[in-house]
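S.K.: Take a look at this one; I'll ask things after.
Rendered as structure tokens:
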């Protein structure tokens with residue numbers, strides 16, 4: 003089942019009703035192609051200059067700089083040689099941080115404004131996911147997971163790694179997501195049959211809890227300027243479905259669609275969602291509106307009896323990324339011979 007979004011825009015929207023003709027939904031207002039072949043996973047982080055995109059090849063971690071319109075600036079370069087399963091990326095201030103993951107070991111790298119060469123910050127025992135670096139309590143923190151659960155490594159003002167001083171013991175874990183929320187940070191990771199959530203106040207202090215049900219492929223987004231944990235959005239997949247919660251309570255998350263690989267970003271106070279549907283097609287749109295429609299259907303108040311699907315249907319893909327560049331949510335879609343950048347807007 004594909005759920006539809008209605009009336010999405012970057013500034014304002016009208017709450018959807020199921021018995022009215024839907025307002026124009028999100029659409030792809032621009033497409034660009036980057037000559038990146040056979041990328042099985044891409045990650046993008048906005049920078050003061052535009053954005054930086056990373057992916058892995060048999061040679062190592064590749065980096066492509068993008069401008070404010072998500073167009074390529076120069077050629078892609080090899081940022082770090084080696085054999086890695088995936089690479090993730092984050093921006094803190096003027097530093098672009100890359101985490102290159104191989105097995106249960108992560109190489110942390112950095113470069114000012116994402117301009118090579120990259121330098122090694124640390125080698126962590128564990129897997130670092132999205133985002134590889136967050137701020138909490140005025141400190142730079144990396145949350146990694148492994149067979150023992152989640153641990154926190156801090157970096158000082160010169161980006162020198164400090165001893166891990168906080169951990170949460172859980173079962174074997176291989177996926178993790180993190181995000182800064184005001185002066186703290188939120189971390190989510192699945193283990194066995196549970197979803198684990200931790201709130202980090204700094205490198206040494208925090209609180210954690212777990213809830214039944216896995217939260218695979220977690221992604222976290224927080225609205226600009228928000229400081230309330232209750233408004234942080236978490237999406238994840240479970241048993242072929244996409245789930246969304248705004249209360250950081252995975253056990254009460256709403257199943258909003260069939261699919262996998264969800265991503266979520268914030269533009270001002272609005273959240274945008276993308277995922278790969280059960281037919282392999284990438285769809286995207288306003289997260290709150292898709293949740294509102296799903297909730298109405300779940301309560302039996304209506305059905306999706308519409309002549310058209312107002313979701314932005316972008317195309318088939320095996321992997322994708324969703325990032326905000328220049329104030330616009332943009333989907334990065336992998337392909338066999340190139341990578342497509344689709345900018346989302348309202349009709």
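Numbering (our numbering), first residue to last: 3 to 349. Quick reminder that beta carbons are idealized off the backbone N, C-alpha and C, glycines included.
Starting from residue 330, trace the beta strand (DSSP E) both ways and give me its first and last residue.
M.R.: Under the DSSP assignment, residue 330 falls in the beta strand (DSSP E) whose first and last residues are 330-336.
S.K.: Taking C-alpha atoms, which residue in 191, 289, 276 and 331 lies nearest to residue 317?
M.R.: 276
S.K.: Taking 8 Å as the threshold, find out whether the segment 139-151 comes into contact with the segment 74-93 through three or more Cβ pairs.
M.R.: no
S.K.: Across the segment 173-180 and the segment 190-199, are there enough close Cβ pairs to call them in contact, namely three or more that are closer than 8 Å?
M.R.: yes
S.K.: Assign residue 66 to buried or exposed, taking buried as 16 or more other Cβ atoms, counted over all protein chains shown, within 10 Å of its Cβ.
M.R.: buried
S.K.: Give every residue of the same chain whose Cβ lies closer than 7 Å to the Cβ of residue 350, excluding the five residues on either side of it in the sequence, and list them in chain order.
M.R.: No answer is possible for residue 350: the residues shown for the chain start at 3 and end at 349.
S.K.: Helix, strand or coil for residue 249, going by three-state DSSP, please let me know.
M.R.: coil
S.K.: Determine the direct distance from the alpha carbon of residue 144 to that of residue 165, and round the result to whole angstroms.
M.R.: Here the alpha carbons of residue 144 and residue 165 stand approximately 11 Å from one another.
S.K.: Taking the alpha carbon of residue 200 as the reference point, which residue from 154, 315 and 239 has its own alpha carbon closest?
M.R.: 154
S.K.: Three-state secondary structure (DSSP) at residue 355?
M.R.: Residue 355 lies beyond the residue range present for the chain, which begins at 3 and ends at 349; the question has no answer from this structure.
S.K.: Evaluate residue 339 with the Cβ neighbour count: other Cβ atoms within 10 Å of its Cβ, from every protein chain shown; 16 or more gives buried, anything less gives exposed.
M.R.: exposed
S.K.: Starting from residue 63, trace the alpha helix (DSSP H) both ways and give me its first and last residue.
M.R.: Premise fails: residue 63 lies in the beta strand (DSSP E), 62-68, not in any alpha helix (DSSP H).
S.K.: Please report the straight-line C-alpha distance between residue 333 and residue 343, rounded to a whole angstrom.
M.R.: 6 Å
S.K.: On the DSSP letters alone, give me the boundaries of the beta strand (DSSP E) that residue 323 sits inside.
M.R.: 322-327
S.K.: Buried or exposed for residue 288, please, with buried defined as at least 16 other CB atoms from any protein chain shown within 10 angstroms of its CB.
M.R.: buried
S.K.: What residues in its chain sit with their C-beta under 6 Å from that of residue 52, if we drop five residues either side in the sequence?
M.R.: 68, 69 and 70
S.K.: Answer yes or no: do residue 198 and residue 172 have a C-beta to C-beta separation smaller than 8 Å?
M.R.: Between residue 198 and residue 172, the C-beta gap is smaller than 8 Å, which places the two residues in contact.
S.K.: Based on the DSSP output, what are the partners of residue 241 in its beta bridges?
M.R.: Residue 241 is not bridged to any residue.
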